[in-house]
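K.L.:
Protein chains in written order, with this note's numbering: chain R, 8 to 369; chain G, 2 to 202; chain H, 71 to 221. A single structure is presented below for examination.
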Amino acid sequence: MKKTVDVSIPLGPVHPCWKEPVRIKCETAGERVLRTEVELGYMKKGIERIMRGRPWQEVMFLAERVCGICSVVHNMVFIEAMEEISAITVPPRAAYLRVIANELDRIASHLIANFSYCYTIEHETLAMYILNTRETVLDNLERLTGSRINTAYMIPGGVRFDLLPEDAAAMLADLAKVEEEMKRHVRIFETGPLIALRSRGIGVMSREEAIKAHTVGPTARASGVPDCDLRLRHPTYQALDFEQVTRTEGDNFARIMVRFQEVFQSIDLIRRCIETLPDGPIRGGGFCKAGETSYSGEAPRGELTYYVKTDEYGRVVDIAIRTPSIMNIEACAHSMIKDVTSIADVTSTFISSDPCIACNER
Amino acid sequence: MRSIIYYIREFLRPEWLKNFFFAKTAPLVTPPYFKDYPSLTGEECTGCFSCMMICPAPGAIEVLRRKDQWEPEVYPGHCIRCGLCVEACPEGVLASGRILDITRHDGTAFRSWYRLQVDDTLCMRCGNCCVSCPINKQEDPQLGATGTSSSDEVIMRIEGGRVRILHEEKCTGCKTCETHCPNRAIRVARMVEGVHEEVET
Amino acid sequence: MSILQGIKNAVRSRSIHVSYVDVGSCNGCDIEVLACLAPRYDIEQYGIYVHNNPREADVLLVIGSVTPQWVDKLRDIWEKIPEPKVAVAIGNCPISGCVYNRRGTLTDPPAEKYIPIAAQVPGCPPRPTEILNAILSVAPLVFKDYEEKLK
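Right, here's the structure in full:
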């Protein structure tokens, strides 16, 4: 009987295209790739097991270091889960400062995802331009919180440091510069013919497949899944008139363009926050009591859920984290990569769905 | 032909030539507001150990006694540069970036207290916790070798088959009892709360 | 010191191929190494070329605390690199395990148990300025008179 699968090529843990170790086995027939299988497990550190029995000031740092790219949102979702258990209210100034830090981190994360994609397509010029723009954004995060990555800015009841007026003015000037540079980069990306050859129509995922595979985040919004942005249900974002961004094509190009448009939306949100920043205290006090809850927030890659159970001394008894990349990677391996033309398309499609393997296996 | 003239005119612009020959990348300086490893300011350390109790990284900061004064020492390979010890110190002995100035300007602080919890089903009356507690030794110099004590000022003592806790408010949270218990029957909870006193503007 | 050794010293301190391997980190230090490649803290202007092929590397950057899957593979990657070679540990994780070195962990720090490490850059994560300062101060010393030290 004639074999349909020639050879299974492993794209190994150490690969120039991705920064984290993951193994993808592509089953090929000639030049075409029929199916892929994703093999994970190289980054399992057992973070949830370490967190058991520790007080919140140590679990907060462990939760941040689940993923270094989206570290601010892990901090925010964990602290908001603890606040929901003990019914602690946050003063309005602290809520707005939290939104500023969250959106700055979202811009940085989307820029890294797009840099990764442009680097995989071998368009190194645009990739380096995007990475340079990201440095300005991280400068502003440093002005607000004191460090670029793993900031530890939020605590139950508020935030740690306040925003000085001269820093706010510098931040607004920097954001105007970032917006101007991003417009130029988006124009290069949209009108480049070789980028279109490698992105349009590749890795298409229709809306029914996206809903069936439970994709979340920009990957789902690029396929037209409605109402999947959890920021629509957060009270501070509702007060700032937030609307989500969707596209309908569902290919690589749509996913990258959704992220670019979310960058512009985040810049707009930060500007509105700084201009309408209310006065008042930045910490409301309050201590964590016993209870359990399941709280979800919107990470740059999708929906992030923390299930936390505490005892009366404020220690975490049981915790389970569900990160968005778990669903996106499986959807990518099964729905997007079916019968593609070559292995180069496998890597570019995988990177366009923005996997964060460290989030995936904590 | 026209395109050649266009390109030559493009590349002979003064700002293009200046960027081509004299552009430099940014110098390797760290901005002053970056949270670096905590450094000593020169204030007098009282040996209260608040920085050690609030530190989330294992083995990052230790308060050592040098000649006749206390001095905190930070180990760079373990410290994660979070800045909690800078904020927690009541004297302001440690400084890092702008943290100390902003904390004083805002009026924010961390309040911490310690609670003890004993599991009766696991405690086997060995007395390790009472003997190793440094506050016990201070309060009662004649502490028994198995943890019994005749004084009522100690934090805990062995009485009637298990550990009995008398003065929980004197605990400093050092967790020596927890590390020396063979069963993990006694556990110390370090509770921290971030507060903000209203500053008159 | 012969002329040939002098030429080798000069060349080896100015053109270094760096390969990085991520043995289970949070990705923060990884992103800071990428930020070194960005046009602001340009690392390629010093002749240092960052990729991740161990076969053409001089310096191996170890990032992350060692997870159970990498315990046997880290030594294999080290053996693949041709002489002369050196390993540099970036971040707190390969030095001491950072916050993961607590009761109930699955990792096995430090990385010095598996491969010999010559230099360490502490920080969680270290700033790109600190990584660059460390690599630039280590670069002229690490391969100096390599053949004479072998004898």
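From the three backbone atoms N, C-alpha and C, an ideal C-beta is built for every residue, glycine too.
Per DSSP, what kind of secondary structure is Gly-76 of chain H in: helix, strand or coil?
P.N.:
By one-based count along the third sequence, residue 76 of chain H stands at place 6. Helix.
K.L.:
Beta carbon of Gly-94 of chain H, beta carbon of Trp-140 of chain H: below 8 Å?
P.N.:
As a first step, residue 94 of chain H must be located in the third sequence, where it is residue number 24. As a first step, residue 140 of chain H must be located in the third sequence, where it is residue number 70. Yes, the pair counts as a contact, with Cβ atoms nearer than the cut-off.
K.L.:
Is the segment 40-49 of chain G close to the segment 154-168 of chain R, with three or more CB pairs under 8 Å?
P.N.:
Touching, no.
K.L.:
Closer than 8 Å, CB to CB, is Ser-83 of chain H near chain G or not?
P.N.:
Counting from one through the third sequence, the residue named residue 83 of chain H turns up at place 13. No, no contact with chain G.
K.L.:
Could you work out which residues of chain H lie near Pro-59 of chain G, taking near to mean beta carbons separated by less than 7 Å?
P.N.:
In the second sequence, residue 59 of chain G corresponds to position 58, counting from 1. Here the neighbours are Asn-171 and Arg-172.
K.L.:
Could you check whether Arg-262 of chain R and Thr-6 of chain R sit closer than 8 Å to each other, using their CB atoms as the reference points?
P.N.:
No answer is possible for residue 6 of chain R: the residues shown for chain R start at 8 and end at 369.
K.L.:
Going by the DSSP bridge assignment, what does Asp-325 of chain R pair with across the sheet?
P.N.:
As a first step, residue 325 of chain R is located in the first sequence; it is residue number 318 there, counting from the start. According to DSSP, which records beta bridges pairwise, Asp-325 of chain R is partnered with R:Lys-316.
K.L.:
Which of the residues in the segment 307-336 of chain R, read from start to end, lie with their CB under 8 Å from any CB of chain H?
P.N.:
Going along the segment 307-336 of chain R in chain order, one finds no residue with a Cβ nearer than 8 Å to chain H.
K.L.:
Name the two residues that bound the continuous alpha helix (DSSP H) containing Val-144 of chain R.
P.N.:
Indexing the first sequence from 1 puts residue 144 of chain R at position 137. Per DSSP, Val-144 of chain R belongs to the alpha helix (DSSP H) from 131-152.
K.L.:
So with CB distances below 8 Å, who are the chain R contacts of His-197 of chain G?
P.N.:
By 1-based counting over the second sequence, the position of residue 197 of chain G is 196. The contacting residues are Gly-165, Pro-288, Ile-289, Arg-290, Gly-291 and Gly-292.
K.L.:
Determine whether the Cβ of Leu-1 of chain G lies closer than 8 Å to any Cβ atom of chain H.
P.N.:
Only positions 2 to 202 of chain G appear in this structure, which leaves residue 1 of chain G out of reach.
K.L.:
In whole angstroms, what is the alpha-carbon distance linking Arg-240 of chain R and Ala-246 of chain R?
P.N.:
Looking up residue 240 of chain R in the first sequence gives position 233. Looking up residue 246 of chain R in the first sequence gives position 239. For Arg-240 of chain R and Ala-246 of chain R, the distance between alpha carbons rounds to 10 Å.
K.L.:
Taking the CB atoms as reference points, tell me whether Asn-129 of chain G and Ile-156 of chain G lie closer together than 8 Å.
P.N.:
By one-based count along the second sequence, residue 129 of chain G stands at place 128. By one-based count along the second sequence, residue 156 of chain G stands at place 155. Going by C-beta atoms, Asn-129 of chain G is not nearer than 8 Å to Ile-156 of chain G.
K.L.:
With 8 Å as the threshold, decide whether the Cβ of Lys-36 of chain G is near any Cβ in chain R.
P.N.:
Here the question's residue 36 of chain G lines up with position 35 in the second sequence. It does: the Cβ of Lys-36 of chain G has a partner Cβ on chain R nearer than 8 Å.
K.L.:
Among G:Asp-107, G:Tyr-7 and G:Arg-82, which has the Cα closest to the Cα of Cys-56 of chain G?
P.N.:
Along the second sequence, one-based indexing puts residue 56 of chain G at 55. When only C-alpha atoms are compared, the closest one is G:Arg-82.
K.L.:
When burial is assigned at 16 or more other CB atoms within 10 Å of the CB, is Lys-36 of chain G buried or exposed?
P.N.:
In the second sequence, residue 36 of chain G corresponds to position 35, counting from 1. Under this definition Lys-36 of chain G is a buried residue.
K.L.:
Can at least three beta-carbon pairs, one atom from the segment 229-236 of chain R and one from the segment 179-197 of chain R, be found at a separation below 8 Å?
P.N.:
Flag = no, the segment 229-236 of chain R and the segment 179-197 of chain R do not touch.
K.L.:
Report yes or no: is there a C-beta of chain H within less than 8 Å of the C-beta of Met-83 of chain R?
P.N.:
Within the first sequence, the letter at position 76 stands for residue 83 of chain R. So, not an interface residue.
K.L.:
Got a sec? Which residues, its chain only, sit under 7 Å from Val-84 of chain R by beta carbon, not counting five neighbours each side?
P.N.:
To locate residue 84 of chain R, count along the first sequence from 1; it is residue 77. Closer than 7 Å at Cβ, skipping near neighbours: Tyr-302, Gly-304, Leu-311 and Tyr-313.
K.L.:
Give the DSSP-derived three-state secondary structure of Arg-238 of chain R in the structure shown.
P.N.:
For the purposes of this step, residue 238 of chain R is identified with residue 231 of the first sequence, where counting begins at 1. It is helical.
K.L.:
Can you list the residues of chain H that Gly-62 of chain R reaches, using a CB-CB cut of under 7 Å?
P.N.:
As a position in the first sequence, residue 62 of chain R is number 55, starting the count at 1. It should be noted that the sequence gives Pro, not Gly, for residue 62 of chain R. The premise fails here: Pro-62 of chain R is roughly 13 Å from chain H at the closest Cβ pair, so nothing lies under 7 Å.
K.L.:
If contact is defined by three or more beta carbon pairs under 8 Å, each pair taking one atom from either stretch, is the segment 139-159 of chain G in contact with the segment 26-38 of chain R?
P.N.:
No: the two stretches stay apart, fewer than three of their Cβ pairs being nearer than 8 Å.
K.L.:
What is the DSSP secondary structure of Met-67 of chain R, reduced to helix, strand or coil?
P.N.:
To locate residue 67 of chain R, count along the first sequence from 1; it is residue 60. The answer is helix: DSSP assigns Met-67 of chain R an H, G or I state.
K.L.:
Classify Ile-187 of chain G as buried or exposed, calling it buried when 16 or more other Cβ atoms lie within 10 Å of its own Cβ.
P.N.:
Counting from 1 along the second sequence, the entry for residue 187 of chain G is found at position 186. When all chains shown are included, Ile-187 of chain G counts as buried.
K.L.:
Would you mind listing the alpha helix (DSSP H) stretches within the segment 175-257 of chain R that are 4+ residues and don't spill past its ends, in chain order?
P.N.:
For the segment 175-257 of chain R, whole alpha helix (DSSP H) runs of length 4 or above, ordered along the chain, are 200-206, 214-219, 225-228 and 242-246.
K.L.:
Would you call the CB atoms of Gly-163 of chain R and Ile-54 of chain R closer than 8 Å?
P.N.:
Walking along the first sequence from the start, residue 163 of chain R turns up at place 156. Walking along the first sequence from the start, residue 54 of chain R turns up at place 47. Before going on, a small fix: residue 163 of chain R reads as Pro here, not Gly. Not a contact, by the Cβ cut-off of 8 Å.
K.L.:
Would you please verify whether the beta carbon of Glu-102 of chain H is less than 8 Å from any beta carbon of chain R?
P.N.:
Reading the third sequence from its first residue, position 32 is the one you call residue 102 of chain H. Glu-102 of chain H counts as touching chain R.
K.L.:
In whole angstroms, what is the alpha-carbon distance linking Ala-2 of chain R and Tyr-124 of chain R?
P.N.:
Since the first and last residues shown for chain R are 8 and 369, residue 2 of chain R lies out of range.
K.L.:
Quick one: give me the first and last residue of the beta strand (DSSP E) that Gly-1 of chain G is part of.
P.N.:
Lying before the first or after the last residue shown, residue 1 of chain G is absent from chain G, which here runs from 2 to 202.
K.L.:
If you measure from the beta carbon of Glu-197 of chain R to each beta carbon in chain H, is any gap under 8 Å?
P.N.:
Indexing the first sequence from 1 puts residue 197 of chain R at position 190. No, its Cβ sits nowhere closer than 8 Å to a Cβ of chain H.
K.L.:
Are the CB atoms of Arg-145 of chain H and Ile-185 of chain H nearer to each other than 8 Å?
P.N.:
Translated into positions along the third sequence, residue 145 of chain H becomes position 75. Translated into positions along the third sequence, residue 185 of chain H becomes position 115. Result yes, Cβ atoms of Arg-145 of chain H and Ile-185 of chain H sit closer than 8 Å.
K.L.:
List, from N- to C-terminal side, the beta strand (DSSP E) runs of 3 residues or more that fit wholly inside the segment 19-85 of chain G.
P.N.:
The segment 19-85 of chain G contains these whole beta strand (DSSP E) runs: 62-67 and 70-75.
K.L.:
Can you find the residues in the same chain that come closer than 8 Å, C-beta to C-beta, to Glu-109 of chain R, ignoring five residues on each side of it along the sequence?
P.N.:
Locating residue 109 of chain R in the first sequence gives position 102, where the first residue counts as 1. This sequence places Asn at residue 109 of chain R; Glu is not what is there. Only Val-79, Val-80 and Met-83 meet the Cβ criterion.
K.L.:
Less than 8 Å between the C-beta atoms of Pro-77 of chain G and Ile-62 of chain G, yes or no?
P.N.:
Against the second sequence, residue 77 of chain G aligns to sequence position 76. Against the second sequence, residue 62 of chain G aligns to sequence position 61. Contact flag unset, no.
K.L.:
List the residues of chain R whose Cβ lies closer than 8 Å to the Cβ of Gln-115 of chain H, in chain order.
P.N.:
Working through the third sequence from its first residue, we reach residue 115 of chain H at position 45. Going along chain R, no residue has its Cβ under 8 Å from Gln-115 of chain H, so there is no contact; the nearest lies around 13 Å.
K.L.:
I want to verify the contact list: residues of chain G whose CB lies under 7 Å from the CB of Ile-162 of chain R, in sequence order.
P.N.:
What you label residue 162 of chain R is simply residue 155 of the first sequence in a count that begins at 1. Near Ile-162 of chain R (Cβ distances below 7 Å), the residues of chain G are Gly-195.
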